[in-house]
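Residue numbers (the numbering used here): 227 to 606.
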């Protein structure tokens, strides 16, 4: 009886073990999140440093010597072209005008007498009453008197110009800066130090520095037809506080000379500045729209690593369901993606999640990757 009971117990034990083994499922291949590569149009842009410059700038300097008797503007105000800014003591120049006017009157009176003498001598020389030499001397005197009138007219005009310059006027319209000279200061013509500076800022230039190598690549891509709309030359600004300037600018020209020290070229863009938000000398970041690549392949940056040689590498799920490493040609980033120009083809499934500890050749289960949960987590 004991032997029979032991056999039954052993049979039940073995039956229970078999049932437990049947209930445990076999482990399948690990799941990985993949993104299918596709061709799509991509707008390419570059963000570069730049400085703002006034559309027009004028250093105001005196053109005559004298003492400043009055300042006729408010510092920091808007001035119009031709508006009086300073007044220099006009008394010496008024005297010069009076002297030149008197000299012109004297020359005009002399011309009348010399011309009358030349006419009389012309009649006398016909009847041989005077010599031919005397007649020619009278004609020359009349011509010299005419020349004196012309010279005195020019001298009077010059004196009047200098008198007019005793009122210093704004050469351009714009915002005027501080005055570096006060009433009572002695100024001289063409002095080195300006009295003040006027800057026109209703429009403003942004000078951007870009590598000549990058510009050369851009030109070659446009010439080869890789980029469309390369001449659009749209520019967007980011200000010093990180905000985006609301007005879009246009690129005017790229300097024809490369800076030998930095290897860069200056690109000049023009922006409307109706509210005066942009001031000369501000540091900005300029985003230049280079053009559109019609057939571009984008791969998320999280799906690209670097090998020991520094080459970009991505893992791709092959047709057999196994991981394959691919060496990529990825010249630049576009947002959170790499722009891939080699190493992949449309339809390739690039692994972007779940392959951290997997080796090439490992069988995997490819699942379309969705970044929505991660975006929601970042938002929280």
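Each residue gets a CB set at the ideal place from its N, CA and C atoms; glycine is no exception.
- Nearest neighbour of residue 316 by Cα position, chosen from 302, 392, 308, turns out to be 392.
- Around residue 360, the same chain offers 347, 351 as residues with beta carbons nearer than 8 Å, after the five sequence neighbours per side are excluded.
- Residue 476 sits close to residue 460, with the two beta carbons spaced by under 8 Å.
- Secondary-structure assignment with DSSP links residue 591 through a beta bridge to 257.
- Secondary structure of residue 318 (DSSP, three-state): helix.
- Taking residue 530 as the centre and dropping the five residues before and after it, the same chain places the C-beta of 538, 540, 564 closer than 6 Å to its C-beta, in chain order.
- Between residue 415 and the set 292, 279, 299, the nearest pair of CA atoms involves 292.
- Contact annotation: the region 547–563 does not touch the region 296–310, with fewer than three C-beta pairs closer than 8 Å.
- By the C-beta density criterion, residue 382 is buried, having at least 16 other C-beta atoms within 10 angstroms.
- Distance from residue 578 to residue 523 at the Cβ level is roughly 14 Å; contact not present, criterion being Cβ atoms closer than 8 Å.
- For residue 272, there is no enclosing alpha helix (DSSP H); the residue is part of the beta strand (DSSP E) that begins and ends at 265–286.
- Here residue 491 carries a strand assignment [DSSP, helix/strand/coil].
- Under the 10 Å beta carbon count, residue 410 is surrounded by fewer than 16 other beta carbons and is classified as exposed.
- Assigned with DSSP and collapsed to three states, residue 471 falls in coil, not helix or strand.
- Taking a contact to require three or more Cβ pairs closer than 8 Å, the region 425–432 and the region 277–296 qualify as touching.
- Annotated three-state conformation of residue 496 is strand, per DSSP.
- With fewer than three CB-CB distances shorter than 8 Å, the region 253–265 does not count as touching the region 495–515.
- For the set 550, 526, 588, the Cα lying nearest the Cα of residue 261 is the one of 526.
- Here the alpha carbons of residue 533 and residue 575 stand approximately 20 Å from one another.
- CA-to-CA, the gap between residue 480 and residue 491 works out to about 7 Å.
- Excluding five sequence positions before and after residue 513, the CB atoms of its chain that fall closer than 6 Å to its own CB belong to 271, 273, 462, given in chain order.
- Secondary structure note for residue 390: it is in no beta strand (DSSP E), and the uninterrupted alpha helix (DSSP H) holding it is 358–390.
- Per DSSP, the unbroken beta strand (DSSP E) holding residue 425 starts and ends at 422–437.
- Residue 338 carries a helical assignment under DSSP once its states are collapsed to helix, strand and coil.
- Shown here, residue 566 sits in a strand according to DSSP, grouped into three states.
- The shortest C-alpha to C-alpha distance from residue 397 to any of 289, 338, 588 is the one to 289.
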